[in-house]
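Visitor: Shown below is the structure under consideration.
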Amino acid sequence: MSLVELIALADERGLAASGLACLDRCVPLLGGDDDDVLRPLWTSLVDGEAWGERVEKARADLGEPGDADAESVVGSDAGSASGASPDDQAAFLVRRMLATVPVESSVDALRVWADACSAAALRIHELLDIAADGTSSVEARREGRTDGMSPLVAAELRRQIAILELLADRGAGGLRLVLGQSTEGRRVLRAVVSRRARGRA
């Protein structure tokens, strides 16, 4: 199945984990070296407790707006600023992922969020990939049209699909493997960010 189809069929836990994994992989773009800042949210997926409280704590820890201030972030366009660099656009997309985490974890809200996170994470990898294929939209990739993908985008697409398939097959039992996949993806993206920073130095 395509990524779009997998998201459409995912249950509440699968949607929350899929969106959270996308966000977790992209956190290095917000600065800082705390790889455990989102760990309490992963814990919520296991114990089913305090999701909303932990969302707000993660936003505070990362210096991002809470619900009352998120509208300006949500309603903005990552590419609207003239001359915005790929790095700035990518960081904006991460902030929007974090700002729009549903505090009330309903299936409908989580599906919208997980779908948006999926597209944003792929776009972030496209923006940061020196071998980007120039595709104007990631939707073709999410729908299964994958010819000519650049390496970084292809790896992110495979990771998203693998995570959703793991959760569909194993449910809560697959969360540890999902976290491992996300951790590896975060290392990859952190290395990309570091290389880009050295290239600008």
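Heads up: the sequence shown begins at 926 in the working numbering, then just goes up one per residue.
Built from N, CA and C at the ideal position, the CB exists for glycine as well.
Values in this document were obtained by computation on a predicted structure and should not be read as measured data.
(1) Return yes when the Cβ of Pro1027 is within less than 8 Å of the Cβ of Leu1035, no when it is not.
(2) Considering only residues of the same chain and omitting the five flanking positions on each side of Ala1015, which have a CB-CB separation below 7 Å?
(3) Are there 16 or more other CB atoms within 10 angstroms of the CB of Ala1065, so buried, or fewer, so exposed?
(4) Which residues in the same chain have their Cβ closer than 8 Å to the Cβ of Ala1087, if we skip the five residues on either side of it in sequence?
(5) So, with DSSP's three-state summary, where would you put Ser1043?
(6) Would you kindly work out how many angstroms separate the C-alpha atoms of Arg1115 and Met1022, rounded to a whole number?
(7) Would the segment 941-950 count as touching the segment 1036-1043 if we require 3 or more Cβ pairs under 8 Å?
(8) Enumerate, from N- to C-terminal direction, the unbroken alpha helix (DSSP H) stretches of 4 or more residues contained entirely within the segment 1053-1093.
(9) Which residues in the same chain have their Cβ closer than 8 Å to the Cβ of Leu1128, if we skip the five residues on either side of it in sequence?
Guide: Here's the rundown:
(1) Yes, these two residues count as a Cβ contact at 8 Å.
(2) Leu954, Ile1049, Leu1052, Leu1053
(3) So Ala1065 counts as exposed.
(4) Gln1106
(5) helix
(6) Arg1115 and Met1022: Cα-Cα distance of roughly 18 Å.
(7) yes
(8) 1064-1067
(9) There is no way to answer for residue 1128, as the model of the chain reaches only from 926 to 1126.
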